[in-house]
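J.:
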Ligand code: PGA
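In this note's numbering, the protein residues as written are 101 to 362.
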């Protein structure tokens, strides 16, 4: 059974000292669960100091973004090469990057490739807008986003990949309609189906598919108990350490294993 993966997506919140205090509280609150992998996505600036403070048995770090070139005259950017050894994961293709910063499927593809080139596992975000959903384009959008981002990868890379289905209309900052778990299951299945089509059954079995969009301590269980849902990306609720800790606990309880709190 795959471990549940819970990603705290802090976005552009918390400066370094706030992030450090928050991590301190979270580490006190969250035990080590062998069956749940917890990933924190602070600002790029906070990654280095948090990496020193972090209890590595409990948490891993993800970069919220990076540029796809490894180095060069790209003023103000941070490359995946610079993040190598600092983070396990990088969030790529998040709808806020696509919408506010014009990231196309091709840019997302290049970032996914750059992450793997630097031994960082991408958490690839895909999902349709409300307008696209109403126009019946959901499958087409997911198909295009997934296939463009992953078709050039190796099977081994895809097996380690994380894909988060995050319908834009469900993200708290874009509308925050709380999706019923049954309403998003078929899209999550479709994501895995795309992987199956491109890379076969083993890759489809191993790739981790997450749900994201207004997940909180009350709604988490519904998504996490869906068959084929390997975890969640949590935005707003991850900024409250009590709520986030509860979501982690829910993931653990659903897994039905004993805590390995030491
Ligand atoms: P939300 O954000 O949980 O605040 O809806 C999720 C995300 O953007 O990843």
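Backbone N, C-alpha and C define an ideal beta-carbon position, used for all residues, glycine too.
#1: Confirm, please, whether the CB-CB distance from residue 295 to residue 307 is below 8 Å.
#2: In the DSSP assignment, find the unbroken beta strand (DSSP E) run with residue 207 in it and report its ends.
#3: Considering only C-alpha positions, which residue in the set 346, 202, 128, 236 is nearest to residue 319?
#4: To the nearest angstrom, how far is the alpha carbon of residue 225 from that of residue 263?
#5: Relative to the C-alpha of residue 116, which candidate in 171, 110, 157, 145 has its C-alpha closest?
#6: Along the chain, where does the beta strand (DSSP E) containing residue 247 start, and where does it finish?
#7: Using DSSP with H/G/I as helix, E/B as strand and the rest coil, what is residue 166?
#8: In chain order, what residues of the same chain have a beta carbon less than 6 Å from the beta carbon of residue 189, not counting five sequence neighbours either side?
#9: Of all the beta strand (DSSP E) runs that stay within the bounds of the segment 287–343, which reach a length of 3 or more residues?
#10: Run through the segment 137–207 for me and flag every whole beta strand (DSSP E) of 3 or more residues, listed as ranges in chain order.
#11: If you drop the 5 nearest sequence neighbours on each side, which residues of the same chain put their C-beta closer than 7 Å to that of residue 179?
T.: Looking at the atomic coordinates:
#1: In contact: residue 307 and residue 295 (Cβ atoms closer than 8 Å).
#2: Per DSSP, residue 207 belongs to no beta strand (DSSP E); it is in the alpha helix (DSSP H), 205–217.
#3: 346
#4: 6 Å
#5: The shortest C-alpha to C-alpha distance from residue 116 to any of 171, 110, 157, 145 is the one to 145.
#6: Premise fails: residue 247 lies in the alpha helix (DSSP H), 238–250, not in any beta strand (DSSP E).
#7: Coil, per DSSP.
#8: 139, 162, 221, 223
#9: 308–312, 331–334
#10: 159–163, 189–192
#11: 166, 167, 169, 170, 171
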